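Below: one structure, written as structure tokens.
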Amino acid sequence: MSQNETSALKAIGAVLLRIRNHAITGYYNGPFSETFALLTQAYAELTGKPIAEIEEVARPRGQFHAASSLIEWHYVKDGLPDDDITVLVAGDATANDVSAAFHSDGQWKTMDGAHVMLGIYAWADMPSEPPPHKGGAS
């Protein structure tokens with residue numbers, strides 16, 4: 225391995241450790257991000273290890289709670305939500321954003337049902353409702 229490859233391996237390894245060990249970093253750059261896919265692929269190529277092994281080792285260990293609701297993402301390849309239930313989706317078209325959608329008749333659809341969404345690779349149940357408003361805006 226060249227000196228450049230060794231340096232790249234150290235840098236990629238450091239970022240993957242940060243994703244694994246820091247909840248917020250893992251939340252934004254974890255398994256459902258392009259960043260995670262590129263880093264784990266590069267690390268696997270440099271080390272000759274299977275990409276699935278790298279993904280498992282680098283998978284975030286902490287949990288980031290957004291507004292007191294834990295969002296648990298599911299790969300579409302592992303299963304789908306019940307039909308006609310509103311969920312959060314991540315996909316090629318949503319880039320780093322998530323959208324609300326539902327799955328029906330074998331297709332992902334926008335909330336108004338007028339458009340079909342392509343490239344959806346992950347979904348999550350909608351977070352719980354916020355606590356009741358206690359007055360006063362910030």
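With this note's numbering as the guide, the letters of the sequence shown map in order to residues 225 to 362. The C-beta atom is built at its ideal place from N, Cα and C for all residues, glycine as well. Note that the coordinates shown come from a computational prediction; the quantities given were computed from them, not determined experimentally.
Under 8 Å Cβ to Cβ from residue i, same chain only, skipping five residues before and after it: list those, please.
| i | result |
| --- | --- |
| Pro274 | Ala268 |
| Thr271 | Leu233, Ile278 |
| Arg244 | Gly250, Val281, Ala282, Arg283, Pro284, Arg285 |
| Val311 | Pro305, Ala324, Ala325, Phe326, His327, Trp347, Ala348, Asp349, Met350 |
| Gly254 | Ile243, Phe260, Arg283, Pro284 |
| Lys333 | Ala325, Phe326, His327, His339, Val340, Met341 |
Please say whether residue j and residue i have beta carbons closer to each other than 8 Å?
| i | j | result |
| --- | --- | --- |
| Asp349 | Phe326 | no |
| Trp297 | Phe256 | yes |
Are there 16 or more other CB atoms within 10 angstroms of the CB of residue i, so buried, or fewer, so exposed?
| i | result |
| --- | --- |
| Glu258 | exposed |
| Leu240 | buried |
| Asp336 | exposed |
On a CA-only basis, which of the options is nearest residue i? Give me that one, please.
| i | options | result |
| --- | --- | --- |
| Ala238 | Lys301, Met225, Val281, Ala276 | Val281 |
| Gln265 | Pro351, Ile236, Ala346 | Ile236 |
| Gly303 | Tyr345, His246, Asp336, Ser226 | Tyr345 |
Which residues in the same chain have their Cβ closer than 6 Å to the Cβ of residue i, if we skip the five residues on either side of it in sequence?
| i | result |
| --- | --- |
| Asn228 | none |
| Gly330 | none |
Tell me which same chain residues have a C-beta within less than 7 Å of the C-beta of residue i, skipping the five on either side of it?
| i | result |
| --- | --- |
| Tyr299 | Tyr345, Ala346 |
| Gly263 | It should be pointed out that residue 263 corresponds to Leu in this sequence rather than to Gly. Contacts found: Ile236, Val239, Leu240. |
| Val322 | Leu312, Val313, Ala314 |
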